[in-house]
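Enquirer:
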Amino acid sequence: MIQSLRGMNDILSEDFERFEYFLATASTIAKRYGFHYIETPLLEETALFKRSVGESSDIVGKEMYQFTDKGENDVCLRPEGTAGVVRAFVQHKLDKKGGIHRFYYHGPMFRYERPQKGRLREFHQFGVESFGVDSVYEDALMIMMVADILKSLGIGYRLKLNSLGDQNCMPAYREKLVSFIESCGDEICGDCLRRKSTNPIRVLDCKNEHCQNLYVNAPKLINNLCEGCQSDFDTLKTILEQHNIGYEIDTNLVRGLDYYSKTAFEFVSDNIGSQSAIAGGGRYDRLIEFLDGKPTPAVGFALGIERLMELIVMPEQQREGYYFGAMDAEAITPVLLAAEKIRRTQKAVVEYEPRSLKAHLKGADRINARYCAVIGENELANNTIWIKDLVEKTESVIPLNELF
RNA sequence: GUGGGUGUAGCUCAGUCGGUUAGAGCAUCAGGUUGUGGUUCUGAGGGUCGUGGGUUCGAUCCCCAUCACCCACCCCA
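For the first sequence, my numbering assigns the number 522 to the initial residue and increments by one for each residue that follows.
(1) Under 8 Å, do G842 and A890 count as touching if we go by C-beta distance?
(2) When burial is assigned at 16 or more other CB atoms within 10 Å of the CB, is F543 buried or exposed?
(3) Could you give the residue range of the alpha helix (DSSP H) that holds S577?
(4) In this structure, does DSSP put K909 in helix, strand or coil?
(5) Whole angstroms is fine: what's the gap from R640's alpha carbon to G528's?
(6) Could you give the first and the last residue of the continuous beta strand (DSSP E) run that contains D595?
(7) Taking just the CA atoms, how far does I676 sit from I833?
(8) With L858 and G767 assumed to form a contact (beta carbons below 8 Å), what rounded beta-carbon distance in angstroms separates them?
(9) Using DSSP with H/G/I as helix, E/B as strand and the rest coil, what is Q587?
(10) Quick check: the Cα distance between F631 and F811, rounded to an integer number of angstroms?
(11) For the stretch 665-718, list the beta strand (DSSP E) runs that are entirely contained and at least 3 residues long, ordered along the chain.
(12) Does the distance from the CB of R776 to the CB of G803 come in under 8 Å?
(13) Would the beta-carbon of E465 fall within 8 Å of that of G605?
(14) Q763 lies in the alpha helix (DSSP H); which residues open and close that run?
(15) Around the Cβ of N928, are there at least 16 other Cβ atoms within 10 angstroms (buried) or fewer (exposed)?
(16) What three-state label does DSSP hand I559 in the structure shown?
(17) Rounded to whole angstroms, what is the Cα-Cα separation between P629 and L774?
(18) Below 8 Å, how does it come out for the stretch 656-665 and the stretch 529-543: are there three or more Cβ pairs, yes or no?
(19) Secondary structure at C727, three-state DSSP: helix, strand or coil?
(20) Taking a contact to mean a Cβ-Cβ separation below 8 Å, would you say C713 touches C732 in this structure?
(21) In terms of alpha-carbon separation, which member of Q867, E560, Q751 lies closest to Q646?
(22) Does DSSP classify I799 as helix, strand or coil?
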């Protein structure tokens, strides 16, 4: 038997209903906030991700599905969605056009990781990117949108917030941090030693207990923000409070992608195991110029759909449409014709095998149909069809030509 | 990439201290006297016990490998 690749799943029937429900809910909300759908390729030039996500990140460093195609191009399956959207934004010269551009997207992402709960090699994200808005209000909008989506789906969460600073305060802070790390001498772990030169901020994120103990007194970025970053961060907190969105400041929240600056946030759930991040995002004002565009402020977020799946509270399913069945082999012809008529406006499912009335009622029940429509001996003789409303428990026999 | 766990019916799982025809519940299908469901009763079908080797007179059970899944580390959505 040929199986799907490791960490790559089929999504069928019941699961897909949830999936579809999620997409419908999230898309509706994104549109309501003024965002437009954008579809970008699953396959992109490898350089795109190296320059955006960053070579120091694990994603690019060891998790990409990278290969050379038949035209000798170094390509890879997208590990995340932002890079492609920014590439499209620049390629279509929207940066030069100016103004505000707001996009949402959803689709599969690929990361070569060891699968576990909430972590797949092919997984799906729903994301949003906003270009051209400098204001923190847009950062707040992002967070409000995620909160809105999660609320609509009946999902509880905790929101973690941090500011990563910008070009003014980050370099100075980085220096401060590096000298602090150096003061720890060789007590730090190997990973931290490496991060010290590649991406020092990430040491704060270290899961090693010994390191964490060393870093309690590390300088915190939050205390070293420049005036602009500080006032934006304060404003953001105020807006969230005004909108009744609870948050906790997490000074160790460092997004794993290199392109973030200023606002960084993460929504986590305590009910889905160790892969608890259900949404993450932030501001990335420098990314557009990294990808050869005109400097343009930008913010975005991405939601991990699979991680939300088991948390989604679905609305109760109503009985819907028709179930058609024949009690005699000869009755199948009028049954098919009747079903075709109904199908112009409603759902109609036909059982081809002649069965007892009881069996048909069971069948109708199983597919959660509202009506069970059957043609047997009596109906066949009179050109009628017997229809039972499974909710009202009423039944009627009507002439076939009066079927709407 | 590292560590631990699990693979028996469509699903959830028993089980055999190695020994004849491998079980249950749910699901499916059929019946409970003439054409009435979602709650009953009876019965039936369905398994090369993940795959490949090895030990043995004999393996679903023990050993090795392999694959898949699960959980955690790590990473992140």
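Beta carbons are placed, not taken as given, at the ideal position from N, Cα and C, and that holds for glycine. Being a predicted model, the structure only gives us computed values, none of them experimental.
Expert: Looking at the coordinates:
(1) Here the question's residue 842 lines up with position 321 in the first sequence. Here the question's residue 890 lines up with position 369 in the first sequence. The answer is yes: Cβ separation under 8 Å.
(2) The residue you call residue 543 lines up with position 22 of the first sequence. Classification of F543: buried, given that the 10 Å Cβ count is 16 or more.
(3) Here residue 577 refers to the residue found at position 56 when the first sequence is read from its first residue. Run containing S577: none; DSSP gives neither H nor E here.
(4) If you number the first sequence from 1, residue 909 lands on position 388. Looking at K909 - three-state DSSP - the assignment turns out to be strand.
(5) For the purposes of this step, residue 640 is identified with residue 119 of the first sequence, where counting begins at 1. For the purposes of this step, residue 528 is identified with residue 7 of the first sequence, where counting begins at 1. Roughly 8 Å separates the two Cα atoms.
(6) Numbered from 1 along the first sequence, position 74 holds the residue referred to as residue 595. Segment 595-598, the beta strand (DSSP E) holding D595.
(7) Walking along the first sequence from the start, residue 833 turns up at place 312. Walking along the first sequence from the start, residue 676 turns up at place 155. So the alpha carbons of these two residues sit roughly 6 Å apart.
(8) Counted from its first residue, the first sequence places residue 858 at position 337. Counted from its first residue, the first sequence places residue 767 at position 246. The pair is not a contact, with the Cβ atoms about 59 Å apart (cut-off 8 Å).
(9) As a first step, residue 587 must be located in the first sequence, where it is residue number 66. Here Q587 sits in strand by DSSP.
(10) As a position in the first sequence, residue 631 is number 110, starting the count at 1. As a position in the first sequence, residue 811 is number 290, starting the count at 1. Computed Cα separation, rounded: 23 Å.
(11) 679-684
(12) Numbered from 1 along the first sequence, position 255 holds the residue referred to as residue 776. Numbered from 1 along the first sequence, position 282 holds the residue referred to as residue 803. Going by C-beta atoms, R776 is nearer than 8 Å to G803.
(13) Because the chain is modelled from 522 through 925, residue 465 falls outside the range shown and cannot be assessed.
(14) Along the first sequence, one-based indexing puts residue 763 at 242. Looking at the DSSP string, the run of the alpha helix (DSSP H) that includes Q763 is 748-763.
(15) Because the chain is modelled from 522 through 925, residue 928 falls outside the range shown and cannot be assessed.
(16) Stepping through the first sequence from its first residue, residue 559 is reached at position 38. It is coil, neither helix nor strand.
(17) Taking the first residue of the first sequence as 1, we reach residue 629 at position 108. Taking the first residue of the first sequence as 1, we reach residue 774 at position 253. Those two C-alpha atoms are separated by around 25 Å.
(18) Too few Cβ pairs lie closer than 8 Å, so no.
(19) Here residue 727 is taken as the residue at index 206 of the first sequence, counted from 1. In the structure shown, C727 adopts coil according to DSSP, grouped into three states.
(20) The sequence position of residue 713 within the first sequence is 192, counting from 1. The sequence position of residue 732 within the first sequence is 211, counting from 1. Between C713 and C732, the CB-CB gap stays under 8 Å.
(21) As a first step, residue 646 must be located in the first sequence, where it is residue number 125. The option with the nearest alpha carbon to Q646 is E560.
(22) Mapped onto the first sequence, residue 799 falls at position 278. Under the three-state reduction of DSSP, I799 is assigned to strand.
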